[in-house]
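K.L.:
Have a look at this one.
Protein chains: 2
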Amino acid sequence: MSENPTGLRERKRQRTYRTISEAAIALFLEKGFAAVSVTEIAEAAQVSKPTLFRYFPSKEDMALYRFADHEDEAARVVAARAGGTAPLDALETHFLTGLAARDPVTGLCDAPEVLAFHRLLYGTPSLVARLHSYTARSEEALAGELAKAGPGHAAPRADLRLTARLAASQIVAVQRVLATENWRRISEGANAESLYAQARADAHHAFALLRSGLAPYA
Amino acid sequence: MSENPTGLRERKRQRTYRTISEAAIALFLEKGFAAVSVTEIAEAAQVSKPTLFRYFPSKEDMALYRFADHEDEAARVVAARAGGTAPLDALETHFLTGLAARDPVTGLCDAPEVLAFHRLLYGTPSLVARLHSYTARSEEALAGELAKAGPGHAAPRADLRLTARLAASQIVAVQRVLATENWRRISEGANAESLYAQARADAHHAFALLRSGLAPYA
DNA sequence: GAATAAACTTAACTCGGTTATATTTCCTGC
DNA sequence: GCAGGAAATATAACCGAGTTAAGTTTATTC
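Protein chains in written order, with our numbering: chain A, 1 to 218; chain B, 219 to 436.
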């Protein structure tokens with residue numbers, strides 16, 4: 001066979017992948033991103049430097065691989081929504097579910113290791129920059145799904161593709177702002193429990209604003 | 219005196235600054251971003267490598283310095299709007315004015331050197347990433363201005379700061395999409411003249427969407 | 001015109017990331 | 001189960017971005 005998804009080779013590969021990223025993140029958390037060299041990571045993970053870069057395209061990606069998995073999350077939520085459900089409703093419900101589960105991507109998570117990771121992330125410009133490029137792909141995927149979904153009944157005859165792109169960019173931007181806002185409050189010492197109600201209200205407010213527009217600023 | 223804004227030293231500094239960035243951009247356009255080394259730029263600009271990095275924090279910034287000037291443009295437009303004018307109206311007018319003037323930041327500019335520069339920019343991931351960090355600062359500045367302006371009469375009692383941030387992120391995202399959309403069409407061979415009407419319509423559509431919300435997708 | 005401080009150069013260095021080449025390790029077909 | 005081929009790895013050397021240290025030039029100031 002040309003591909004064996006459960007072969008020893010593939011299992012080793014996945015194990016190495018995890019070993020590297022876990023070693024990298026542990027070192028980053030311990031000493032800070034800039035203070036850890038890739039050589040150090042390679043030693044900790046017991047692989048050579050070229051192998052390291054066969055698994056991850058850059059040092060930043062060794063910290064951000066978890067986000068790579070969420071890259072098409074928004075698009076999947078829209079694609080998998082129940083018939084008759086509007087895309088925005090599906091996305092709002094998904095975000096609220098994330099809040100309830102204290103999903104780290106919502107920012108509403110005060111687990112010490114998650115908090116430490118977020119501090120690392122937002123305190124390292126090159127990591128934030130790299131994260132933005134993931135977000136860009138997420139936006140593109142969402143735009144694709146929204147274009148497929150098409151606007152509802154009352155839609156004008158405007159360019160579908162452009163409208164989908166505009167909507168996707170706004171949605172992704174709003175989710176980003178909500179998450180960073182939650183994180184900011186957590187990082188200032190609040191705990192997730194006491195913020196939950198506020199975070200839900202913020203999310204409702206944000207999605208309502210998305211739906212009804214920035215008329216208050218018009 | 220401790221500072222002399224028109225002294226010889228300051229004039230030399232500005233001249234060196236321009237020399238470096240012009241040499242850098244010329245080389246980038248000629249050979250591509252990755253194919254030019256900073257040593258090469260230093261030689262072309264007749265300065266040493268450490269001096270190069272006293273003027274620009276990174277190789278990317280040598281290409282993007284023009285954008286750094288526009289960093290607080292949106293915020294300034296809102297701050298300088300005529301009394302009684304809504305922020306969104308001021309921003310839409312400003313964008314339309316940019317289209318009419320074929321301002322490169324609107325994407326609607328087919329001057330060969332601008333087109334070549336845009337090709338360079340969007341074709342180089344590290345430049346796009348760096349540009350995103352400028353955009354982030356632009357967003358923050360706009361959020362500050364919007365918070366000062368405050369929403370209009372009909373605004374609910376929601377958190378002003380959060381609302382301003384949400385609005386700013388949406389506005390910046392939409393302007394980015396409009397500009398890249400214009401650029402995409404230009405890069406596919408269209409000329410700015412024949413696209414102008416469409417670009418105006420797109421901008422109107424986008425700002426209308428910002429005002430009235432994504433209800434069609436709700 | 002001398003003193004001071006900013007800006008510059010040279011040289012050497014660190015570190016992220018790549019390439020070439022040889023070696024090991026897994027898979028496949030007999 | 002074993003021979004051949006392919007994928008993955010290691011070693012070593014390399015390139016280029018960005019920094020640092022030490023000494024020199026150049027503008028400003030009194």
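Glycine included, C-beta positions come from ideal geometry on N, C-alpha and C. What you are looking at is a predicted structure, and each value in this text was computed from that prediction instead of being measured.
Could you have a look at B/Gly362 and say whether DSSP puts it in helix, strand or coil?
P.N.:
B/Gly362 falls in the helix class under three-state DSSP.
K.L.:
Counting only the same chain and skipping the five closest in sequence on each side, list residues whose C-beta sits under 6 Å from that of A/Ala149.
P.N.:
Taken in chain order, the residues that qualify are Pro87.
K.L.:
Enumerate in chain order the residues of its own chain whose CB-to-CB distance from A/Ala34 is below 8 Å, with the five nearest sequence positions on each side excluded.
P.N.:
The answer, listed in chain order, is Thr124.
K.L.:
Is there a C-beta anywhere in chain B that falls below 8 Å from the one on A/Arg165?
P.N.:
Yes, A/Arg165 counts as interfacial toward chain B.
K.L.:
Considering A/Asn182, what are the terminal residues of the alpha helix (DSSP H) in which it resides?
P.N.:
Segment Leu160 to Ser187, the alpha helix (DSSP H) holding A/Asn182.
K.L.:
By Cβ distance below 7 Å, which residues in the same chain neighbour B/Glu190 in space, the five residues on each side in sequence not counted?
P.N.:
Residue 190 of chain B is absent from the structure shown; chain B starts at 219 and stops at 436.
K.L.:
Please check if any C-beta of chain B sits within less than 8 Å of the C-beta of A/Gly189.
P.N.:
For A/Gly189, the answer is no, since every Cβ of chain B falls outside 8 Å of its Cβ.
K.L.:
Considering only the beta carbon of each residue, do B/Ala386 and B/Glu357 sit closer than 8 Å?
P.N.:
In this structure, B/Glu357 lies closer than 8 Å to B/Ala386 by Cβ.
K.L.:
List, in chain order, every chain B residue whose beta-carbon is nearer than 7 Å to that of A/Asp219.
P.N.:
Past the edges of chain A, shown from 1 to 218, lies residue 219 of chain A, and the structure says nothing about it.
K.L.:
If you pair each beta-carbon of the segment 239–256 of chain B with each one of the segment 285–292 of chain B, do three or more pairs fall below 8 Å?
P.N.:
Touching, no.
K.L.:
What does the Cβ neighbour count give for B/Gln232, buried or exposed, with the cut at 16 atoms within 10 Å?
P.N.:
Exposed, since its Cβ has fewer than 16 Cβ neighbours within 10 Å.
K.L.:
Please confirm whether A/Phe95 and A/Thr85 have their CB atoms less than 8 Å apart.
P.N.:
Going by C-beta atoms, A/Phe95 is not nearer than 8 Å to A/Thr85.
K.L.:
With 8 Å as the threshold, decide whether the Cβ of B/Glu399 is near any Cβ in chain A.
P.N.:
Interface residue, yes.
K.L.:
DSSP state of B/Glu331, grouped into three classes?
P.N.:
Reduced to three states, the DSSP call for B/Glu331 is helix.
K.L.:
May I ask you to verify whether the segment 385–404 of chain B touches the segment 182–198 of chain A, counting CB pairs closer than 8 Å and requiring at least 3?
P.N.:
With the cut-off at 8 Å, the segment 385–404 of chain B and the segment 182–198 of chain A do not touch.
K.L.:
For the segment 85–101 of chain A, which residues have a beta carbon sitting closer than 8 Å to at least one beta carbon of chain B?
P.N.:
Residues passing the 8 Å Cβ filter: Ala86, Pro87, Leu88 and Asp89.
K.L.:
Using a Cβ-Cβ cutoff of less than 8 Å, which residues in the same chain neighbour A/Val78 once the five nearest sequence positions on both sides are dropped?
P.N.:
Answer for A/Val78: Pro87, Ala90, Leu91, Leu142, Glu145, Leu146 and Ala149, listed in chain order.
K.L.:
Here's a check: name, in chain order, each residue in its chain whose Cβ is nearer than 7 Å to the Cβ of B/Ser239, leaving out the five neighbours to either side.
P.N.:
Once the five neighbours on either side are set aside, the close Cβ partners of B/Ser239 are Met280 and Tyr283.
K.L.:
Could you round the C-beta distance between B/Leu270 and A/Leu166 to whole angstroms and report it? I think they count as a contact, below 8 Å.
P.N.:
Their Cβ separation, rounded to whole angstroms, is 40 Å, which puts B/Leu270 and A/Leu166 out of contact at 8 Å.
K.L.:
Mind checking which residues open and close the alpha helix (DSSP H) that includes A/Ala44?
P.N.:
Unbroken alpha helix (DSSP H) run through A/Ala44: Val38 to Ala45.
K.L.:
Chain A beta carbons: is any one of them nearer than 8 Å to that of B/Gln232?
P.N.:
No, B/Gln232 does not count as interfacial toward chain A.
K.L.:
Note down, in chain order, every chain B residue with its Cβ under 7 Å from the Cβ of A/Val174.
P.N.:
Simply Leu384, Ser387 and Gln388.
K.L.:
Measure the C-alpha to C-alpha separation of A/Gly98 and A/Leu108 and round it to an integer number of angstroms.
P.N.:
Going from the Cα of A/Gly98 to the Cα of A/Leu108 covers about 9 Å.
K.L.:
Can you find a C-beta in chain A that's less than 8 Å from the C-beta of B/Tyr435?
P.N.:
For B/Tyr435, the answer is yes, since a Cβ of chain A falls inside 8 Å of its Cβ.
K.L.:
Apart from the five residues just before and just after B/Ala397, which ones in its own chain have a Cβ nearer than 6 Å to its Cβ?
P.N.:
Excluding positions up to five away in sequence, the list reads Thr324 and Gly325.
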